[in-house]
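Asker:
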Amino acid sequence: MSLSRKAAYVDLQTRRIFIEPIPMNLRQRFLGGRGLNMYLLSQSYSSALDPLCPENPLIFGAGLLTGCLSFGSRINITARSPESGHIGDANMGGDFGAELVKAGISHVIITGRSHQPVYLLIRNESIEIRDARFLHGLDSVATQTALRQELKDSRMQVACIGPAGENLVRFAGIRSGLKSSAARTGMGAVMGSKNLKAVAVRGNLDISVAEPHQYLEYYRSLLHKLMGTKWAQALSRQGTPLLFQKSNDTGFLGVCNNQFTTAGEAGSRLSAEALEPYSTGMLACYSCPVHCRHRFALTEGTYTGLHGEGPEYASIGSLGSKLGIFDLEKIMYAVDLCNRYGLDTISTGSYIAWAMELFQRGIIGEETTGLALHWGNADAVIELIHQIAWRKGFGNILAEGSAAVKLLGSASDEYLLAIKQLPIEMTDERLPKALALGMATASRGACHMRSRPSIDVLGLPEEILEKIYGSAVSNDLSSYVGKARMVWWHELLNAVADSLGLCRFLTLFSSIHAPQYEEFSTMLRLAVGLSLTPAELMTLGERVYTLERLMLVKDGITRQHDTLPKRYFEEPVPDGPAAGEVISRPAFECMLDDYYHLHGWDSNGVPLTSTLITLGLAP
């Protein structure tokens, strides 16, 4: 049963491995996945700990329902981030997490540094440390292929790094399959710092269910309801690229490092419809009923023979409109390069956009970059991706991420659009005020996956919003009213979903008919025999999020860091459907006050002692 999955502790330096049960009280307080990862990280978290040192734990944590028949089977990978210097955490779909739990293990905690490249082989509660020198320098796809050949098992699931992780690029990710990525916050660099090239997993242990007949019946009812929604149907046909046109038409798309928020007619070249001619079908992550992953192939032109999965909305925006590029085939090639090298597409696009604006403004020139970094120069972007992954030329500077400010001078700082040293993503939040607050306060730095209430874009009747959130919330995207409650509510829901291993898109994200606390509670009871009420689950979400905040407080993060780039406050959107929109500082500060109050934190964003006692987090 899910509750019997174990935790494995691996020290790559001493080669000591031990596997032990996860105490029930930790399951009840944190479930699994992100929740339990954060508990494990907090046990050694210190502002004095170098993210690339052997003592920084790298934690793989599958959600408590991962591997069950549910709505996704996701895994979180967590450590202190070499990109931001704070909490590092990335969420990945695909099949790897489910295979890990079929091997009887839900969490792997890795410390130390091997003297030579190694990989972990996990089979049915057994772990070996093996020589990986034959994999050194291989990209993420070639690594998986080579391991399956080495182990003579075509169904082996592999999470690995590419050259970017080996070369300690601070925003390197961890990859599995053709597209699945634990991309943000540089977990691939942490893996590379440990000389760990890959984790290969194969399991055939049973995943038993507490009440199988009742669970199946309940799951079917949820499935029928979910797949009847317009959101799930559209996602099954077009995947996440369907979001691109909405953000472009509404005016919150990042264009040319967010100097603009719409690409106008040019945006149609990057829409979901524009991707359809290249699509060869749709597929799903393990146990997910929504097939939102494009499989594509290019059969003519410069990139004939290119094939893979994706690209996702975030990647299209980050390596497309954010760089002034509207050639979809070149974007697809750039995304594929990032995937193979093991680079986070969001951070890669963001740092290149930053460099392009510096180039535009004459702060850096070709004598520094070696490339003409003009907006829309896709060939220069592709060359720069190579340079970043291999730490060559100007790419070696950008490979340092936010720390590159020290190398490019203080004049460059203003144009790096980042929050807590993590660059903002493919959108611009000057119009949608709830999304702006969510970006500013996200516990891992600028992040659309910690709290983004995409439902706000729908303009639902306010009586429905009040029923969901328990208080008045404006349905005007540009309003500040009630948006703090909206962000807080989604932070807690998403923390629970990540701890269960459910896909964000199949919870109350963009559809009011998707599962939330009531459904989570019933699924837990029927699937694993764990009884937690909806209210208790909401408290659990608060516990996870407040624990993350406590680690940030250790890093000196306070109210002054829960903010937005200067551009958001001082530069109104110049044109398009969001023309004139800007973040009001006084209104933003009021939202922040409301947000802290809802969490039970003081006016500086530090959790109150009474809150810690209530959540069981008091020292």
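Just so you know, we're using my numbering here: the sequence shown kicks off at 2 and counts up by one.
Even for Gly, the Cβ is constructed at its ideal location relative to N, Cα and C.
What residue range does the beta strand (DSSP E) around M283 cover?
Answerer: Here the beta strand (DSSP E) through M283 covers 280-284.
Asker: Here's the rule: buried if 16 or more other CB atoms are within 10 angstroms of the residue's CB, otherwise exposed. What is L408?
Answerer: Burial call: exposed.
Asker: Pull up the distance between the alpha-carbon of A435 and that of S411, whole angstroms please.
Answerer: Approximately 31 Å between the Cα atoms of the pair.
Asker: Pull the bridge partners of N77 from the DSSP assignment, please.
Answerer: Looking at the DSSP assignment, N77 forms a beta bridge with G62, N92.
Asker: Go to C339, then tell me how far its alpha helix (DSSP H) extends in each direction, as first and last residue.
Answerer: Segment 329-342, the alpha helix (DSSP H) holding C339.
Asker: Tell me, to the nearest whole angstrom, how far the beta carbon of R185 is from that of A63; I am working on the premise that it is less than 8 Å.
Answerer: About 18 Å; that fails the 8 Å criterion.
Asker: For the pair the region 540-548 and the region 110-120, tell me if three or more CB-CB distances fall below 8 Å.
Answerer: Touching, no, given that fewer than three Cβ pairs across the two stretches are closer than 8 Å.
Asker: Compare the beta carbon distance of F253 and T262 with 7 Å and say whether it is the shorter of the two.
Answerer: Yes, the Cβ-Cβ distance between F253 and T262 is below 7 Å.
Asker: Quick check: the Cα distance between G446 and I76, rounded to an integer number of angstroms?
Answerer: Spanning the two alpha carbons is a distance of roughly 20 Å.
Asker: According to the neighbour-count rule (16 or more other Cβ atoms, all chains shown, within 10 Å of its Cβ), is I614 buried or exposed?
Answerer: Exposed, because fewer than 16 other Cβ atoms sit within 10 Å of the Cβ of I614.
Asker: Would L169 and G193 be called neighbours here (beta carbons separated by less than 7 Å)?
Answerer: Taking 7 Å as the Cβ cut-off, L169 and G193 qualify as a contacting pair.
Asker: How many Å lie between T15 and Y597 at the Cα?
Answerer: Their backbone Cα atoms lie some 44 Å apart in a straight line.
Asker: With H, G and I counted as helix, E and B as strand and the rest as coil, what does DSSP make of F360?
Answerer: DSSP places F360 in helix when its eight states are reduced to three.
Asker: With DSSP collapsed to three states, give me the class of K198.
Answerer: If DSSP states are grouped into helix, strand and coil, K198 belongs with the strands.
Asker: Please return the same chain residues whose Cβ sits closer than 8 Å to the Cβ of A437, not counting the five positions on each side in sequence.
Answerer: Answer for A437: E430, R431, L565, Y569, I584, F589, listed in chain order.
Asker: Looking at S512: is its Cβ nearer than 7 Å to the Cβ of T230?
Answerer: Yes; because the gap between Cβ atoms is below 7 Å, this pair is in contact.
Asker: For S480, I'd like the list of residues in its chain whose CB is within less than 7 Å of its CB, leaving aside the five on either flank, ordered along the chain.
Answerer: Contacts found: K434.
Asker: Runs of 4 residues minimum, wholly inside the region 269-326: which ones carry the alpha helix (DSSP H) assignment?
Answerer: For the region 269-326, whole alpha helix (DSSP H) runs of length 4 or above, ordered along the chain, are 273-276, 314-320.
Asker: Note the first and the last residue of the continuous alpha helix (DSSP H) segment covering P22.
Answerer: Looking at the DSSP string, P22 is not in any alpha helix (DSSP H); the run it does join, the beta strand (DSSP E), is 17-22.
Asker: Which same chain residues, not among the five before or five after G282, have their C-beta less than 6 Å away from its C-beta?
Answerer: Excluding sequence neighbours, G282 sits near R296.
Asker: When you compare each of T370, G265, Y279 to Y304 by their alpha carbons, which one comes out closest?
Answerer: Nearest C-alpha to Y304: Y279.
Asker: Give the secondary structure of K226 by DSSP, where H, G and I count as helix, E and B as strand, and everything else as coil.
Answerer: If DSSP states are grouped into helix, strand and coil, K226 belongs with the helices.
Asker: I need the DSSP call for Q517, collapsed to helix, strand or coil.
Answerer: Three-state DSSP puts Q517 in coil, outside helix and strand.
Asker: How is W376 classed by DSSP in three states: helix, strand or coil?
Answerer: DSSP places W376 in coil when its eight states are reduced to three.
Asker: Between S141, L148, Q158, A173, which lies nearest to G676 when the distance is taken from Cα to Cα?
Answerer: Given a span of 2 to 620 for the chain in the structure shown, any question on residue 676 remains unanswerable.
Asker: Sort I558, A619, L548, L618 by Cα distance to S604 and report the nearest one.
Answerer: When each option's Cα is compared against that of S604, the closest is I558.
Asker: Using DSSP with H/G/I as helix, E/B as strand and the rest coil, what is F570?
Answerer: It is helical.
Asker: Expressed to the nearest angstrom, what Euclidean distance is found between the alpha-carbon atoms of S222 and A233?
Answerer: For S222 and A233, the distance between alpha carbons rounds to 15 Å.
Asker: Is it true that the CB of G502 sits closer than 7 Å to the CB of R560?
Answerer: It is not a contact, given that the beta carbons lie outside the stated cut-off.
Asker: Look at L32 and L53 and say whether their C-beta atoms are less than 7 Å apart.
Answerer: Taking 7 Å as the Cβ cut-off, L32 and L53 do not qualify as a contacting pair.
Asker: Which term fits A381, buried or exposed, when burial requires 16 or more other beta carbons within 10 angstroms of its beta carbon?
Answerer: With 16 or more other Cβ atoms within 10 Å, it is buried.
Asker: Identify which residue in L553, L507, W490 has its Cα closest to the Cα of A536.
Answerer: Nearest option by C-alpha distance: W490.
Asker: May I have a chain-ordered list of the beta strand (DSSP E) segments no shorter than 3 residues that lie completely inside the region 129-163?
Answerer: Qualifying beta strand (DSSP E) stretches, in chain order: 158-161.
Asker: According to DSSP, I111 sits in a beta bridge with which residue or residues?
Answerer: BP columns for I111 point to V11, L59.
Asker: I'd like to check one pair, S48 with D556: are the Cβ atoms closer than 7 Å?
Answerer: Their beta carbons are under 7 Å apart, which means D556 touches S48 by this criterion.
Asker: Sort V11, Y546, S5 by Cα distance to N26 and report the nearest one.
Answerer: With distances taken between Cα atoms, N26 lies closest to S5.
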